[in-house]
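If you read the sequence shown in numbering that gives the first Met the number 0, its first letter stands for residue 0, the second for the next number, and so on. Cβ coordinates follow ideal geometry from the N, Cα and C atoms, glycine included.
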Amino acid sequence: MPTVPPSPAVAEPLHYAVGACALGALLVARSARGLCAILLGDDAAALHTELRRSFPQAELLPAADSAALLAPVAALVAAPGGGLDLPLDPRGTPFQRRVWQALGEIPAGSTLSYAALAARLGMPRAVRAVAGACAANRLAVAIPCHRVLRGDGALAGYRWGVARKRALLECEARR
0 MPTVPPSPAV AEPLHYAVGA CALGALLVAR SARGLCAILL GDDAAALHTE
50 LRRSFPQAEL LPAADSAALL APVAALVAAP GGGLDLPLDP RGTPFQRRVW
100 QALGEIPAGS TLSYAALAAR LGMPRAVRAV AGACAANRLA VAIPCHRVLR
150 GDGALAGYRW GVARKRALLE CEARR
């Protein structure tokens, strides 16, 4: 009996838009389930490369409604304590998703250390793993990993740069 070759996998369509926000360049990507990427940077081309690297099997399609996709996210970046009324599609391991859920429980204007977050999760020795989960977050500001600091209170380790982390925290403190 001849072997039937497997049918080619259908690439998941991700619709994305690139624009500007209060912190520089902004890329927002949406799957059928919700926002799967909110990326911040200095260069739109670099953000597109990061999206491609993060979702190598996806079919990246420019969003027909780019202004509607970007506007609520840009507003969230400008006022990070305001919340986002859009569905999210965070992609990660069960542990990462657990950390990201705990990040969402840190009130705007508040911060927590990586150690305190690990303890809150019932895993006080998993500080590095918690920091790794924060670094793997692709949903800037919507999953507020910017609210986590080093144990000594210093700003460090933000995927989109410490200056952006500082700006987000200062904006939340003013609110």
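Own chain partners of residue i with C-beta closer than 6 Å, once the 5 adjacent residues on each side are dropped
i, result
"R174", "G80"
Residue i versus residue j - alpha carbon distance
i, j, result
"R163", "V9", "37 Å"
"S112", "T92", "22 Å"
"L26", "Y157", "17 Å"
"L38", "L50", "8 Å"
"A45", "A139", "16 Å"
"A70", "A128", "33 Å"
Residue nearest to residue i in terms of C-alpha spacing, selected from the options
i, options, result
"A114", "V147, F94, L154", "V147"
"A166", "G23, P12, Y15, P123", "G23"
"E169", "W159, A70, A77, A66", "A77"
"C20", "P106, D84, C35, D42", "D42"
"A132", "E58, R149, Q95, P89", "Q95"
"R149", "L68, T110, G18, T48", "T110"
Extent of the continuous alpha helix (DSSP H) run through residue i
i, result
"E169", "161-173"
Cβ shell of residue i (< 8 Å), same chain only, five flanking positions each side left out
i, result
"G82", "L75"
"V161", "L154, A155"
"G103", "I142, P143"
CB contact below 8 Å: residue i versus chain C
i, result
"A172", "In the displayed structure, chain C is absent; only one protein chain is listed."
Where the beta strand (DSSP E) containing residue i begins and where it ends
i, result
"R29", "23-29"
Checklist line | Ordered list of beta strand (DSSP E) runs contained in the segment 47-84, each at least 3 residues | finding: List check, beta strand (DSSP E) in window: 58-61.
Item checked: Complete runs of the alpha helix (DSSP H) confined to the segment 89-162 [at least 4 residues] -> Correct list: 93-103, 113-119, 126-135.
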